[in-house]
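So the structure is just underneath, and the comments pick up after that.
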Ligand SMILES: NC(=O)c1ccc[n+]([C@@H]2O[C@H](COP(=O)([O-])OP(=O)(O)OC[C@H]3O[C@@H](n4cnc5c(N)ncnc54)[C@H](O)[C@@H]3O)[C@@H](O)[C@H]2O)c1
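Numbering (our numbering), first residue to last: 232 to 498.
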C-alpha cells in the first residue's frame, strides 16, 4: 500500500482521544487523511488532535457522545464543514463492564448496549445519510466498526460485552447489505481485535483477577498469550494498520467482512 493511500479523504474517528482510537487517528493522518476526533473526553481529545498536527497531520476535535442522535448529527455536520467532506467513519468508541453472569448488573449491561450497539448504529445512520449520493457529503465512503475477538470466542466474565460486540458484527453485515443494494457507495466492515493493554484492556486483566479467574495480572496476560498462535498480545498499531487497509482503495471489493486482528486467537 502506498504511504499516502488515503490522501484527500476526510475521517471521523469515535473514541479517538486515547487508546486504539488515537492510534487509528494517527495512522489515518499518516496515510494522508484529514481526521476529526470525536470523543466525550474533551481535553484528551483536543490534545490528541494537537499532537497529530504537530506531526504534520490535519486533525481536529469535536465533542461527540456516540449514544446521542443529535450529537451525531452535529458532529457529522461539523466534520463536513471543518474538513471539507466526510468519507471515512471509524466506529471505535466502546466500553467494557466485566461481570460473571451470576453478578450481571442491568445498568452495566445497558451502558454497554448504549455505547457499543446504539453508538455504532447511530454512527452508521449518520454516515450513510451524509455519504450517499444525495447526502451532505455525497461522495460515498467506508465505515469500519471496531468489534472484538470477544464476538468470536467464549471468554469468561465478558458475556455482556461479547453480546454487544456480536451485535456490532451482525449490524456490520446488514449495513453492508443495505449500503450496497441501495447504491450508497459505502463499504462497511468490522475488525475483531485481540486483547490490547490499553486502559480498557488493563482494566479487563485486573477484573479477571478480581473475579478469581487468574492468580494475578501477569497470569491473566500469560493465559491470553498462550491462547494466541502468534504468541503475544495485540498492539494498537495492529488494529490501526488494518483500519487503514479497509478504508483504502486497496480494499475496494471488500464489504460486509469481519477481519480478525487477534494473532489467531479466535480461529
Ligand atoms: N483494548 C482491548 O483489548 C480491545 C480489544 C478488542 C476491541 N476493543 C475495542 O476497541 C475500542 C477502543 O478500545 P480501547 O481499548 O482503546 O478503550 P479505551 O477505554 O482506552 O478508549 C475508549 C475511548 O472511547 C471513548 N468513549 C467512551 N464512551 C464514549 C461515548 N459515549 N462517546 C464517545 N466516546 C466514548 C473514551 O473516552 C475513550 O477515549 C472499543 O470499542 C473496544 O471495545 C478493545
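Built from N, CA and C at the ideal position, the CB exists for glycine as well.
Burial state of residue i, where buried means 16 or more other Cβ atoms lie within 10 Å
i           : result
residue 239 : exposed
residue 332 : exposed
residue 270 : buried
residue 241 : buried
residue 396 : buried
residue 312 : exposed
residue 363 : buried
residue 288 : buried
residue 319 : buried
residue 462 : exposed
residue 249 : buried
residue 493 : buried
residue 341 : exposed
residue 309 : buried
residue 179 : Residue 179 lies beyond the residue range present for the chain, which begins at 232 and ends at 498; the question has no answer from this structure.
residue 232 : Interpretation of residue 232 is limited by its pLDDT of 48, a score under 50 that renders its predicted location unreliable; the figure taken from the coordinates is listed afterwards. Counting Cβ neighbours within 10 Å, residue 232 comes out exposed, since fewer than 16 surround it.
residue 385 : exposed
residue 286 : exposed
residue 469 : buried
residue 495 : exposed
residue 414 : exposed
residue 443 : exposed
residue 335 : exposed
residue 315 : exposed
Near ligand 1: residue i beta-carbon under 7 angstroms from a heavy atom
i           : result
residue 324 : yes
residue 269 : yes
residue 248 : yes
residue 348 : no
residue 272 : yes
residue 430 : yes
residue 327 : yes
residue 251 : yes
residue 321 : no
residue 379 : yes
residue 297 : yes
residue 424 : yes
residue 389 : no
residue 427 : yes
residue 383 : no
residue 312 : no
residue 459 : no
residue 403 : no
residue 486 : no
residue 282 : no
residue 373 : no
(request) Evaluate contact between the region 372-380 and the region 418-436, counting only Cβ atoms and requiring at least three cross-stretch pairs below 8 angstroms. (result) yes
(request) Please list the segments of the alpha helix (DSSP H) lying wholly inside the region 328-373, counting only runs of 4 or more residues, in order along the chain. (result) 337-343, 350-362
(request) List in chain order: all unbroken beta strand (DSSP E) runs of 3+ residues lying wholly within the region 396-475. (result) 417-424
(request) Report yes or no: do three or more beta-carbon pairs, one from the region 335-354 and one from the region 292-304, lie closer than 8 angstroms? (result) yes
(request) Kindly confirm or deny that the region 317-331 and the region 276-285 touch, where touching means at least three C-beta pairs closer than 8 angstroms. (result) no
(request) May I ask you to verify whether the region 435-449 touches the region 397-406, counting CB pairs closer than 8 angstroms and requiring at least 3? (result) no
(message) What ranges does the alpha helix (DSSP H) occupy inside the region 269-339, keeping only unbroken runs of at least 4 residues that lie completely in it?
(response) Runs of the alpha helix (DSSP H) inside the region 269-339: 273-285, 300-314.
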